[in-house]
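In UniProt numbering, the protein residues as written are 1 to 768. This report concerns only the one structure given below.
Okay, here's the thing in structure tokens:
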């Protein structure tokens, strides 16, 4: 009676019934969708849920002390999202928004200017009389909802819509409505209690499932029902054993061992790992599993900190652990040491990674040298929404923006080039590859490892380059050859048989027989077979060598690509080649200019795999995604510049090699040092010092072998060398200056192709 008397006095006795504001189907959908997002974000376990008129029921599997925090978040976020949805709906329909929390249906209109209490009361009584039956029915349902709280099974939470006249969260009467947003929910909710029996749990589930029909409400629309099903978990999932404690800190340096090693030594463990770890993907490394497991060992506010290889960020095997980290937003900080060596006893490229369980919008990172670790620095960051399960190329936002701009180009290397292929794998280069010089129809060969001189038919060999022979816009002189026991015809390669070689290429056959034991022993005796024991184990891509092609080193510091116009050069596995599709009707040198540009180097440095010394990998997987523009109207200008720089480089190589050959003819040392090979970069004094070092080194070896020594340099010799050195250096420097000028001009034209601004160009050029 006391509660009724309070209601009777409300609005001067004219409004004795509870003014409940029911959710619309649109509200139901927004609240349910928001709740599902919270469930997924916080990994909540929900066995049952319904939204029923003005309240919701949740059956949560959690600790009692977690309830306040969970409910506070649900109330706050759902209130916000419902308000936004209502405002958006009002804006779209161009109608006046109903006042939040105010029940306006069938409300009587007042004459303008009449605000007397008597008029208010009279109109309200007349309205009550007209709607007695409807109001009584509503009251009955409300009273049922109120009474059933006492009988609800233990351990579920009820959250109610705020009624008009609740003294704590009341919505103001119509005449006092303000612009300030009104609350969606009551401040309080039914106090949760622990469910202690299976029977009680069953009752609670049935209660929540049947509560909506009990209140004579229509079933939810299909979309809302799908959301409900999507957020609920099964009984098994809810009550599986769970470690609720956890360490504050887990720290260490986990072991590094790839799957092959695990299969060899721990085959049963491999089966377990692949069934129980998300990170056990592809040819995984066990340290990825350590990261996943350690994350499960920390508590809600704990931290895991490991120092380990950073290869998981971009390698194929890291797909699983990257997926795990993205879903959990697990990585808080990552310090990336690039190609710097942290542990002197292990050539491993490492990072320090910190994992936490708090939800994060961004991953913080910094690329440092080890000695900079304790210096003050500012973290860079990447949004988790920008990360995928693909390579995690952690870059500053300005770099990411440039990469995204490049990626708007219509083509890629993968779409323009028909084939990107690796070179010849002989499995025994020490026998198959040798030094040689042409001599009519023969090659005079020398096998350095076995100190073996021989002659061999040209039909049996091909000129071959290695990675160290490939330089930017430069084709080196042919000095090495490879045994090539195949006949090429069009797109086909046919293996030579032993009888053909014996009959038609006797010198080649003699060479093969001389090294037959070594050749048959390739890959642990795999080629110790009756027929074709001298063939390649992996005869891939052989016909493609006959095409015009762009060639690049596999591992390079900067872009070092060149061009084989006539398809005459072959290479080993340390070089990759590009063969263009015929449908792109432009000279390959147009693309050579782009691929040798600073834009290409910028892209690879920010998306590729780094090696010691700042070298990067130019393998197929890293090359294919590089964006390429359409063939531009000034394509011929780029082609002309590339032709010019190729010619200048050929002239430069000829002059520098001519000087080296003369130097060796005067002082026949076994091998010129790197500094003497780049003699044009020295001043005369340093040149003489390096030459004396080479002479002294050679003489020490000769004395040991009881051979005659090379005469040492005299002052007269030095004076004679001065003029020769300075004259040739001047010519070489002039050529190099011109090469650099053309290279820079090509870069500027490539920047225009990609539409880069001055600021973006500065960022690209600072990559070097």
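Each residue gets a CB set at the ideal place from its N, CA and C atoms; glycine is no exception. Source: prediction; values computed, not measured.
Buried/exposed call for residue i, threshold 16 Cβ in 10 Å
i           : result
residue 379 : exposed
residue 648 : buried
residue 735 : buried
residue 464 : buried
residue 696 : exposed
residue 104 : A caution first: residue 104 carries a pLDDT of 32, below 50, which makes its placement in the model unreliable, though a value can still be read off. Label assigned to residue 104: exposed.
residue 329 : buried
residue 737 : exposed
residue 387 : buried
residue 447 : buried
residue 557 : exposed
residue 373 : exposed
residue 588 : buried
residue 192 : buried
residue 581 : exposed
CB-CB length for residue i against residue j, believed under 8 Å
i           : j           : result
residue 763 : residue 398 : 6 Å
residue 435 : residue 480 : 6 Å
residue 361 : residue 383 : 6 Å
residue 321 : residue 391 : Contact flag wrong, Cβ pair sits at about 13 Å.
residue 233 : residue 47  : 7 Å
residue 238 : residue 45  : 5 Å
Assigned secondary structure, residue i (DSSP; H/G/I helix, E/B strand, else coil)
i           : result
residue 728 : helix
residue 496 : coil
residue 395 : coil
residue 66  : helix
residue 419 : strand
residue 411 : strand
residue 627 : strand
residue 649 : helix
residue 381 : strand
residue 336 : strand
residue 564 : strand
residue 79  : helix
residue 667 : coil
residue 363 : strand
residue 400 : helix
residue 585 : coil
residue 551 : strand
residue 526 : coil
residue 780 : Not covered by the structure: residue 780. The range shown for the chain is 1 to 768.
residue 215 : coil
residue 682 : coil
residue 761 : helix
Sub-7 Å separation of residue i and residue j beta-carbons
i           : j           : result
residue 543 : residue 499 : no
residue 507 : residue 482 : no
residue 617 : residue 419 : no
residue 566 : residue 466 : no
residue 369 : residue 340 : yes
residue 224 : residue 42  : no
residue 669 : residue 694 : yes
residue 753 : residue 412 : no
residue 410 : residue 348 : no
residue 286 : residue 255 : yes
residue 50  : residue 195 : no
residue 306 : residue 353 : yes
residue 739 : residue 645 : yes
residue 289 : residue 389 : no
residue 425 : residue 511 : no
residue 52  : residue 258 : no
residue 622 : residue 555 : no
residue 303 : residue 350 : no
residue 595 : residue 746 : no
residue 427 : residue 523 : yes
Beta carbon proximity, residue i to chain B, threshold 7 Å
i           : result
residue 547 : The chain labelled as chain B is not found in the depicted structure, where only one protein chain is given.
Distance cut-off 6 Å: residue i Cβ against heavy atoms of the ligand ATP
i           : result
residue 210 : Ligands displayed in this structure: none; no statement on the ligand ATP is therefore possible.
Okay, do the region 664-680 and the region 502-521 touch, 3+ Cβ pairs below 8 Å being the bar?
no
Sufficient close CB pairs (3 or more, under 8 Å) joining the region 63-78 to the region 30-41:
yes
So, does the region 555-572 touch the region 388-397, judging by three or more C-beta pairs under 8 Å?
As far as the Cβ criterion goes, the region 555-572 does not touch the region 388-397, which means the pair count is below three.
Touch test, the region 53-66 against the region 189-208, Cβ-Cβ under 8 Å, three pairs minimum:
yes
Is there contact here, the region 593-611 with the region 649-666, by at least three beta-carbon pairs under 8 Å?
No, the region 593-611 is not in contact with the region 649-666.
Answer yes if the region 629-637 comes into contact with the region 708-724, meaning at least three C-beta pairs across the two stretches below 8 Å, and no otherwise.
No, because fewer than three Cβ pairs between the region 708-724 and the region 629-637 fall closer than 8 Å, the two stretches do not touch.
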